[in-house]
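Student:
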Amino acid sequence: MPQDIAAADTASYRHNVPSGKYPARMINGSHVIIYSQDAEADRAFFRDVLGYPHVDAGDGWLIFKLPPAEVAVHPSDAPSHELYLMCDDVNATVDQLSAKGVTCAPVTNAGWGLKTGIRLPGGGELGLYQPRHETAHNL
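Using the numbering used here, the first residue of the sequence shown is number 1252, and each one after it goes up by one.
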């Protein structure tokens, strides 16, 4: 895309850029995409079960506000990525989710936290964990 078109296009979206602690940062947020065999059911899960606020980007395409986030980079033999939601008490959260009909894997101790997996209606899985480390949420 030619630079003048990119600049004009970027300028038209500036009203969506949140102001915050780091207004001069080059990157101002993140956008997580979950690919699903049943996107409608997974959207309903985020909306109705997790209760995440959302905007409708058009035609029922919901985009959800997430809680504070952080990124960790771990060594691995092969590139991959995972998405974990975080909570203060994983056992209480699993109980709340189970009461809503959500299937979670058994809670295990990973050293860095207590973790489980949440099966999404579309077949995917999200991680859920209670960190035992300092988080970067308040930086």
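Idealized CB from N, CA, C, for every residue including glycine.
Kindly indicate which three-state DSSP category D1346 falls into: helix, strand or coil?
Tutor: D1346: helix per DSSP, three-state reduction.
Student: Would you say the segment 1370-1378 touches the segment 1285-1293, given that touching needs at least three Cβ pairs under 8 Å?
Tutor: Touching, yes, given that three or more Cβ pairs across the two stretches are closer than 8 Å.
Student: Need the endpoints of the beta strand (DSSP E) that D1307 sits in, please.
Tutor: Note, D1307: beta strand (DSSP E), H1305 to D1307.
Student: Considering only residues of the segment 1274-1345, which uninterrupted beta strand (DSSP E) runs meet the minimum length of 3 residues and lie entirely inside it, listed in chain order?
Tutor: The segment 1274-1345 contains these whole beta strand (DSSP E) runs: 1305-1307, 1313-1315 and 1335-1337.
Student: Starting from the C-beta of V1306, find all residues in its chain whose C-beta is less than 6 Å away, skip the five residues before and the five after it, and write them out in chain order.
Tutor: Correct list, in chain order: I1314.
Student: Along the beta strand (DSSP E) that carries R1383, what are the first and last residues, could you check?
Tutor: No beta strand (DSSP E) holds R1383; DSSP gives it neither H nor E.
Student: Check this for me: beta carbons of G1368 and C1355, under 9 Å apart or not?
Tutor: Yes, Cβ-Cβ distance for G1368 and C1355 is below 9 Å.
Student: So if DSSP puts L1365 in a beta bridge, which residue, or which two residues, is it bridged to?
Tutor: L1365 pairs with N1360 and Q1381.
Student: Alpha carbon to alpha carbon, what distance is there between G1280 and L1334?
Tutor: One C-alpha to the other measures close to 16 Å.
Student: With the cut-off set at 9 Å, would you say Q1381 and V1341 are in Cβ contact?
Tutor: In this structure, V1341 lies closer than 9 Å to Q1381 by Cβ.
Student: For S1349, which residues of its own chain have a beta-carbon under 8 Å away from its beta-carbon, when the five flanking residues on both sides are left out?
Tutor: Contacts found: C1355.
Student: What does the Cβ neighbour count give for V1345, buried or exposed, with the cut at 16 atoms within 10 Å?
Tutor: Classification for V1345: buried.
Student: From R1276 to E1321, what distance separates their C-alpha atoms?
Tutor: Going by the C-alpha atoms only, they are around 16 Å apart.
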